[in-house]
Amino acid sequence: MLKKERQAYIMHQLNLHNKVLSVDLCSEIAVSEDTIRRDLQELSEAGQLIKVHGGALSMAFNEVQFSPINVYSQAHKKLIVSKALQLIQSGMFVLTSGGTTILELIRALPPQLKLTIMTGSIPVINACMAHPKLDVVVIGDKLSRDSKLTVGAEAIQKISHVNADLCFLGTNAIDTQHGLTDNDWEVVQIKKAMVSSASKVICMTISEKLQTYQPISVCKIEKIDYLITELDPSDKTLAPFKQAGVTVM
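Residues in the sequence shown are numbered from 1 upward in steps of one, following the numbering used here.
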């Protein structure tokens, strides 16, 4: 694979999953760690990613206030959000993780809608502050600089004490065999707690992430109630998820 192709692959994976690990890229592209390190350094110097120890972060994912110009596949995410809004009713208690699709959801909430949002995502908290009728419960503990999400035992304990109506999860990867997966151990523990504390679990994702998986399990497919993508629910790509008992929108 030529350097231009390698770097295009790296950026595509980063746009999909928000974070990439050097060790995974070495395996997937079949090149040395030094080669990946040089590629990441060049892309970092070009302002296309944030280079961190062991890998890289998306520019959009690393910002506290997401800039619309840096949101990957934003038109598809807006379509996903329009479907997700159908599940939300005034007075609900809603858990959310972080991510650009979750942020689009918060920004799209009608101004007259009254909700309680419980989250540890700093960008989501900031977005909630612009809504006139949202009550926000902030999950406290240690802040993960990579994910801009609070993590740790105290955050997990606080989540475990609630019984939320809905849980909206930012989706890193999902397939029928592995379920919902991610690549950040601490973030996974938060998402696990959210899944356990909600009556309904909703995964929102662009279709490019379907039938992909990351190394750390969040939950099996059976724990997911709704899968929302930009695709029409009748699309054959979604058939395996329907067969697994997930309601697709």
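Glycine is no exception: its CB is placed at the ideal position from the N, C-alpha and C atoms.
Treat the numbers as computed from the prediction; the structure is a model and nothing was measured.
### Message
My output table needs one value for Met11: the three-state DSSP class, helix, strand or coil.
### Response
Met11 falls in the helix class under three-state DSSP.
#### Entry: Rounded straight-line distance, which links the Cα of Ser44 to that of Asp34
When rounded, the distance between both Cα atoms is 15 Å.
### Message
Between which residues of its own chain and Ser32 is the CB-CB distance below 8 Å, once the five residues before and five after are set aside?
### Response
Scanning its chain for C-beta atoms nearer than 8 Å, with the 5 sequence neighbours on each side dropped, one finds around Ser32 the residues Cys26, in chain order.
### Query
Roughly how many angstroms separate the alpha carbons of Asp184 and Met129, rounded to a whole number?
Between the C-alpha atoms of Asp184 and Met129 there is a straight-line separation of about 27 Å.
### Query
When DSSP labels each residue in this structure, what does Val124 get in the three-state scheme?
If DSSP states are grouped into helix, strand and coil, Val124 belongs with the helices.
### Distance, Ser73 Cα to Leu79 Cα
The straight-line gap from Cα to Cα measures roughly 10 Å.
### Message
Which residue marks the beginning of the beta strand (DSSP E) containing Thr181, and which one marks its end?
### Response
From DSSP, the beta strand (DSSP E) with Thr181 extends over Gly179 to Asp182.
### Task
Put Thr237 into one of helix, strand or coil per three-state DSSP.
Three-state result, Thr237: helix.
### Query
Using the beta-carbon count (16 or more within 10 Å), is Gln214 buried or exposed?
Label assigned to Gln214: buried.
#### Entry: Own chain partners of Gly250 with C-beta closer than 7 Å, once the 5 adjacent residues on each side are dropped
Residue 250 lies beyond the range of the chain shown here (1 to 249); nothing can be said about it.
### Task
Excluding the 5 residues preceding and the 5 following Val124 in the sequence, name in chain order all residues of the same chain whose CB lies nearer than 8 Å to its CB.
The answer, listed in chain order, is Thr96, Gly98, Ile102, Leu103, Ile106 and Ile117.
#### Entry: Rounded C-alpha distance that separates His161 from Ser197
Their backbone Cα atoms lie some 8 Å apart in a straight line.
### Task
Count the other CB atoms, across all protein chains shown, that sit within 10 Å of the CB of Thr237; report buried if there are 16 or more and exposed otherwise.
Exposed, by the Cβ-count rule.
### Query
Taking Leu169 as the reference, which of Lys191, Val151 and Ala155 has the closest Cα?
The option with the nearest alpha carbon to Leu169 is Lys191.
### Task
Please list, in chain order, all residues of the same chain as Ala178 whose beta carbon is under 7 Å from its beta carbon, the five residues on each side excluded.
A small correction: the amino acid at residue 178 is His; Ala does not occupy that position in the sequence shown. Beyond the five residues adjoining it in sequence on each side, His178 comes within less than 7 Å, by CB distance, of Tyr213 and Ser217 in the same chain, given in chain order.
### DSSP state of Ser22 mapped onto helix, strand, coil
Per DSSP, reduced to three states, the secondary structure at Ser22 is helical.
### Alpha-carbon to alpha-carbon, Val138 and Lys242
Looking at the two C-alpha atoms, the distance is approximately 34 Å.
#### Entry: Between the CA atoms of Ser207 and Cys219 - distance to the nearest angstrom
Near 19 Å, if we compare the C-alpha coordinates of Ser207 and Cys219.
### Task
List the whole-angstrom C-beta distance separating Met251 from Lys83, where the pair is believed to meet the contact cut-off of C-beta under 8 Å.
The first residue shown for the chain is 1 and the last is 249, placing residue 251 beyond what the model contains.
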